[in-house]
Every structure is written in structure tokens, then in C-alpha cells.
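Residue 697 in numbering that gives the first Met the number 0 sits at position 698 of the sequence shown, with consecutive numbering throughout.
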Amino acid sequence: MSNDSHGSAKGEAAMTLSPSGSASSQGSPLSPSTSSKPQELPEELVQAGWCKCWSKRENRPYYFNRFTNQSLWEMPVLGQHDVISDPLGLNAAPAVGGDGNLGNGQRKRRVSEEQAAGPNSFKRPKVEPTTPISPSTPGVKPWSSAPEDRQSQLATATTPSSAPTPYRPAIIYWDLDIQTNAVIRERPPAPHLPPHPEIELQRAQLVTKLRQHYHELCHQREGIDPPRESFNRWLLERKVIDKGHDPLLPSDCDPVISPSMFREIMNDIPIRLSRIKYKEEARKLLFKYAEAAKKMIDSRNASPDSRKVVKWNAEDTMNWLRRDHSASKEDYMDRLDHLRQQCGPHVTAVAKDSVEGICSKIFHISAEYSRRLRLAHLALLRDCNIPEVSEQAEVQDRLVYCYPVRLVLQSAPQPRVELHFENEIACLRFKGEMVKVNRGHFSKLELLYRYSCIDDPRFEKFLSRVWCLIKRYQVMFGSGVNEGTGLQGALPVSVFEALNKQFGVSFECFASPLNCYFKQFCSAFPDIDCFFGSRGPFLDFSTVSGSFEANPPFCEELMDAMVTHFEDLLERSSEPLSFIVFVPEWRDPVTPALSRMEGSRFLRQQLSVPAYEHEYRSGSQHICKREEMYYKAVHGTAVLFLQNAAGFTKWEPTAERLAELLSAYRTSSSRSSSLSSPGPSPVTPGDKDSTSKIPERTASTESAGSHDNNNNNSSSSPGCKITGV
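See below:
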């Protein structure tokens, strides 16, 4: 039983609309004078890209689609194949006994056919109802992954082009046929405000302004650039405790001062400590740190004792640099470590109030922006006569297979979003704002939408919701090169296949519609992701049984909250429940989340996958090049099996199963096109003093594989370690 197909019979029937309307040109050809006043096309056809043109050669009108370059003599029928209701042509029914290239059940006839047939002799091909691709019809696959299936027939010079065949990705990074084994208690519809491009565009503009405020405050108050990715991690860390209404901007958090943002800014004061490879770099960094610490203590309200300590140590360091020109890189690093130990507490004390002011101001601006967005959103719904629902619907207390989040409010009418394709890229534009996604992932979104959305069987809101989805993730992770990719990276396909085959995994605890492997997943934004299969944020997700994979964003506060939620779910359930967790193996010092899981009574097995011997799938996989899809992890990864007694009995991590999982890692890491992580290189023993511990660990997250504070023994081991518990 699967609740993925929980739409009503009426909803499923609406997905297989039969052709309607017979506005054809079966009568006598129109004269040119008649064509000067063309018949108005229905608004649905205009939005789908159709327009009415005149053929001088045939002396009659025809219909042309600027999106697909399709041309027809007869008026097109949206129920068969059009860009809006069926963007990929998955429901296009072939004409019986006709040419295999007939798109939309029709085609533009050749001149020879016109000469052989009278003006009233043309008959429309018979169209049979199609089978919808949905969980209710298992086994139906929309495409074959064979590369040769992607080749489409080219139109000749004398034959007008017909409708293109459905797009078939050459490589598929997901398997949406796997049914869920996750069981939950039935839940009421969520009260989230439904997404709308107008509101999403305002949110994007306000988040961009908030990023600019953060950049300006760091420059004006501390004279530094904002730590890379710190704003993105601030959003993640705040949403762990946020009780506000906006899906992205935090507005109701306690405490107001973000520990994550405070820690990362402090780590870059008085200067940012970069990684050191050469002796001269270490010498320059030591001099800059001493000079910056002395200047900072002179310009701030520091106590006399603090001034004395910092000035004496800074001057002593400068004198040593002038005297000793034969020191090694290790000597410079040891001296820098000593200087930081002596000056660090005093520098932190004088900067504390200023940094707290930055964190506080950013939060209060975010809360104000969140309030503005909610008022604008409610006003838009009121204009559409959609009242805000205050009472929660009642549901039966019963166990069901997990299904996507449903919204209690109906969506407002959606504005027009333009779609066109540039080679392998689908471009969606709304009010001049364009978002892009490759055609493979666009087809994936279409399938997820078909499986999960029950309020839009004709796909009338599909394009606007895809635009909102991509815009939301684009805004959250920023627009810098490789920015945010690590916060939504994914495991290799071979590892997912092994997890499903060996441990029955069918659900991802941290994913998005863009990077998920299964069609069952939890994600950050239930208001928009729910239309593409999301079960909501994992920290709000309560399950009774099932086998789950968890690869969280590498934010320490989020990982710690994740462990608390794991233990609570495992404690309360007596049904088979299993979580296979993938976290960075940071040991210097060990993260609270990793330490807690290693000491948990639910830990059944643990693996350690060394750095550079495994890889991740890019968080920007929906837009990046194929050769950039995978990259090596520069940190070790700990794989932990948290299971209750019933889950251990059903999905026990035996030696054979673990060997298959490790083999999948070796298969993926042998990929010749794998790239190194776009993040910084790992810290070697000689460089360990050039960076801080916890702050640097969170400040350098450029990719899922870019966390570099891994333990030395994990990166030096020849193979994966297995620890039985």
C-alpha cells in the first residue's frame, strides 16, 4: 500500500483528458481577406505558445507553436499534448495506424497529400486514452535510460517539423519507482501559505538586501569580509529553532544572537587565517596577525591590562621576525599559535559587543522582512477571496504510509511563466527573472509533480510552481561560484542503490526535489516542496516505522537537533525503525552530534570512509555540467546505523551487507570524471595551527565534501574501518 497515489479517482481521471473540441479546417480554405481578421485563439493555447499564421503556398491558415516549433493545419487540442498541461509529452497519445512521428495526434500535411485529397476528405486520426504515470500504475516507466533512445528524428527540408518526442535523460540520478516503507500517523493539512511567484520574487529581493546588509555591517564594524557561507549556515541554524511563519527568513528565535554567526565572525577577527602551504605565506600571516591585533586593541575600549599584553606580544613577535630569517614553516606556525593564545582572549573581549550587534541587527531586519512578506501574501489571498484558515482540520488516529504534505489553503490563480529551452537547459522567466534547470531534472520535477500534486491535474500551475521552487533554493544558497552546493549535496547513486537493496532504505531525511533519489523525502520548504513530494522538514516529521537515510547539511546545530529527534523517534516506536546517518568525521575536536551518536544505545554499527576515497553528488546538479556532477570529499565520512530492536532484527547491518555498501562507495569513487571538491584543501598536521577548530569547520563549507577538519587517522587509513557496537 502506498499513499503516494492518494488522489481521488476523479483527480486521476482528470489527468487523462480525452480530446475535446473539433475546431478544424475541414471546410473550404479561407481567403486571404478572411485571414486579415483571424479567429481569436483560447487563452490556454496562447499561453502554451500557439499562434495563428497564414500559409501563402497553401492559401490557408495554420497553427505554429513557438516553444516546440510544431506546426499544424488544425487547431491544437490541449488535452492531448501541450507545453502547459503536459510539458514533456508523456501523455501524448500516438495516432492509430499513423506515422510514429505524429505529435499531438495531428500533423501538418504535405502538398502531395493536399493534391490527392479533397478539402473535406481529411479525417482526424483516432486517439486512444493514455495511461497516466502515477503510483497507481506500477511498472510504467516514462523513458528508457539507453543513450540511443535520446536520438530524435530530424525533420527534412520539405517536411514541416512535428512535435518533439518526450525528453529522455541519458543518465538518471534518481529512482522514483521505489515505494515507501515509512509509516506515520495520519496528519491534518498544513497551514502554510501557498506559494505564488509575486511573493517569491519579493522574498528573493528582500533576502538579497539582507545579504547586502550583512556584508556592509561586517565591513563597517570589523573591517572584514563576511565569512564564506556563514549567511547560509545562519539561515539553517536559525530555522532549527525558528517559530515564525516565513519559510525562509527567521523571525521568532530564542536566543536572538546566533551562536553560528557569532562564532564564525569571531574566527575572522582580527584577520582571516587562510591555509598555509609555504614558508613565506606563514611568515606574512604571522606579521599581519600581530599588526592587526595591535591596531585593534589601540582602537577599541580595552582595559590597560589587555592593551599591555597584546602590545607586548605583538612587538615581541615583530622583533623576532626581524631577527630570525632562517625559521622554518613549522616555527612560524608555532609562533602564530602562541600569539593567538596570548592575544585571542583580549581581542575577543573588545570585539564581543560589536559582533553581537551585527548578529542582532541582521535578525531584527529579517524579522521585519518576514512580517512584510506575510502581510503582502495575506493581502494577495484576500484579493483572490481565499480566507486564512484558523482552525485545524480533524483527522483519524490511524497509521498510514507516508504521503506528501497537503496545504489547507487553496492556491491563488497563478500568473503566466514563460518556458523555453536552450539546448539542454529549460529556462523559466517571470517578470524578467529567469531561473534555469537542465532538461533531465526538469523532467524529474514533472514526474514528482505528477506523483504528488492532487490540486492541479491539468498542470496549469506547474510552471509557476517550478519557478518558485528553483528561485527559493537559488536565493537560499546564494549566487557565488560553488556557493551553497555543500548544503544540499547528495550521496552517489550507487550508494543509494546499495542502501535500498541491502537495508530497505526508501526515504531521505534531508533532501530537496532537485537532489532527491527517492520520491519520498523530507526537505526545508514544505510550502513549495510539497507539490513535488516533500513530507516536510525532518525535525517536524514523526514516523512509526521504516528505513531511512540521513545526510544532513553540515551545520553543527542542525546535526545536534537531528540526533535528538532520532533518539526520540527510536525510543517511542516498537515497530521496525532504522536510520543510516552520514556525517563528516570531525575529530579535532569531535562534534557533539557525532559524539552523541557514538555513545547512543541505539547505535548498532559504524563505518569510517576515508577522505579522498569517496565522493558526493553536487548540490547544483540540476544546472551543473555532467563532468562536475561528482567531486571527491576532502574529509572522512562516518556512517552510523541507529536502529531500535525491531529495526535491527529486520535490517541488521551484517558483514555481507556492509561489504556491499562499501563496494558501492568504491564503484562511485572509481569514476574517471570525478573532480576534487570545490572547497579548500584539507588541513595537514603542519597546517593545523593556521585554522581554528569549530569556527573554521563551519566557515569553510563550500560543498558537501569541503569540510576539512577531519581526523588525521581517518584520512590516512588504507580502507574503510568497521566498528561493531
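Even glycine gets a Cβ: it sits at the ideal position worked out from N, Cα and C. Just so it is clear, the structure is predicted and the values come from calculations on it, not from any experiment.
Own chain residues within Cβ distance below 7 Å of A560, not counting five before or after:
V239, L538
I'd like to know if the stretch 561–576 and the stretch 541–553 are in contact, where contact means that at least 3 CB-CB pairs between them fall below 8 Å.
yes
Helix, strand or coil for P60, going by three-state DSSP, please let me know.
strand
Among F640, R262, I527, which has the Cα closest to the Cα of E726?
The requested residue 726 is not part of the displayed model; the chain covers only 0 to 724.
Which one or two residues does DSSP pair with V388 in a beta bridge?
Beta-bridge pairing links V388 to no other residue.
I776 - containing alpha helix (DSSP H), residue span:
Residue coverage of the chain in this structure runs from 0 to 724, which leaves residue 776 outside it and unanswerable.
Proximity of V438 and F461 at Cβ, strictly below 8 Å:
According to the sequence displayed, residue 438 carries Arg and not Val. Result no, Cβ atoms of R438 and F461 do not sit closer than 8 Å.
Would you mind working out which of R603, N58, I198, D174 sits nearest S369, comparing C-alpha positions?
I198
Between the beta-carbon of E185 and the beta-carbon of Q501, is there less than 8 Å?
no
Span of the alpha helix (DSSP H), counted from its first residue to its last, around S493:
492–502
For S671, collect the residues of the same chain with a Cβ closer than 8 Å to its Cβ; drop the 5 residues on either side in sequence, then sort them by chain order.
Low confidence applies here, because S671 scores a pLDDT of 44, under 50, leaving its location unreliable and the question unanswered by this model.
Kindly indicate the opening and closing residues of the beta strand (DSSP E) around F429.
424–429
Pick from N312, K278, L372, M558: whose alpha carbon is nearest that of Y288?
N312
Reference E215; option with closest CA among I361, P552, R616, V580
I361
Spell out a yes or no on whether the stretch 409–425 and the stretch 434–448 are touching, meaning 3 or more CB-CB pairs, one atom from each, closer than 8 Å.
yes
Below 7 Å CB to CB, which residues in the same chain sit around K443 once its five sequence neighbours on both sides are set aside?
W173
Hey, quick one: how far does the alpha helix (DSSP H) through H191 stretch, first residue to last?
It is not in any alpha helix (DSSP H) - H191 carries neither H nor E in the DSSP assignment.
Taking the Cβ atom as the reference point for each residue, do E548 and C508 lie within a distance shorter than 8 Å?
yes
Report the CB separation of G503 from R616 in whole angstroms; it is logged as a contact under 8 Å.
Not confirmed; about 22 Å, so no contact.
Own chain partners of F530 with C-beta closer than 7 Å, once the 5 adjacent residues on each side are dropped:
Y448, S451, C452, R464
Could you check the C-alpha separation between G48 and F66 for me, to the nearest Å?
6 Å
Going along the chain, which residues of its own chain have a beta-carbon closer than 7 Å to the beta-carbon of A292, five neighbours each way excluded?
P269, V309, A313, C342, V346
Is L406 closer than 8 Å to P193 when the C-beta atoms are compared?
yes
Using the three-state DSSP reduction, which class does N119 fall into: helix, strand or coil?
Residue confidence is low: N119 scores 37 on pLDDT, short of 50, so the model does not pin down where it sits. Its coordinate-derived value is still stated next. Three-state result, N119: coil.
Mapping the DSSP letters down to three states, classify S511 as helix, strand or coil.
coil
In terms of residues, what are the limits of the alpha helix (DSSP H) holding F727?
Shown here, the chain extends from 0 to 724; a query on residue 727 therefore has no answer.
Please state the DSSP three-state secondary structure of S70.
strand
Looking at the unbroken beta strand (DSSP E) that takes in H419, where does it start and where does it end?
417–421
Should H195 go down as buried or exposed, given a rule of 16 or more other Cβ atoms within 10 Å for buried?
buried
Taking the alpha-carbon positions, what's the S607 to N550 distance?
15 Å
Spatially closest choice to M558 from K55, S259, S70, Q204, by CA coordinates
S259
Take the Cβ of T563 as the centre, count every other Cβ of all protein chains shown within 10 Å, and call the residue buried at 16 or more, exposed below.
exposed
Residue from A632, N64, S599 whose Cα sits closest to the Cα of Q46:
N64
How about H613 and A637: do their beta carbons lie closer than 8 Å?
no
Where N231 falls: helix, strand or coil (DSSP)
helix
Between the stretch 641–651 and the stretch 516–524, do three or more beta carbon pairs fall short of 8 Å?
no
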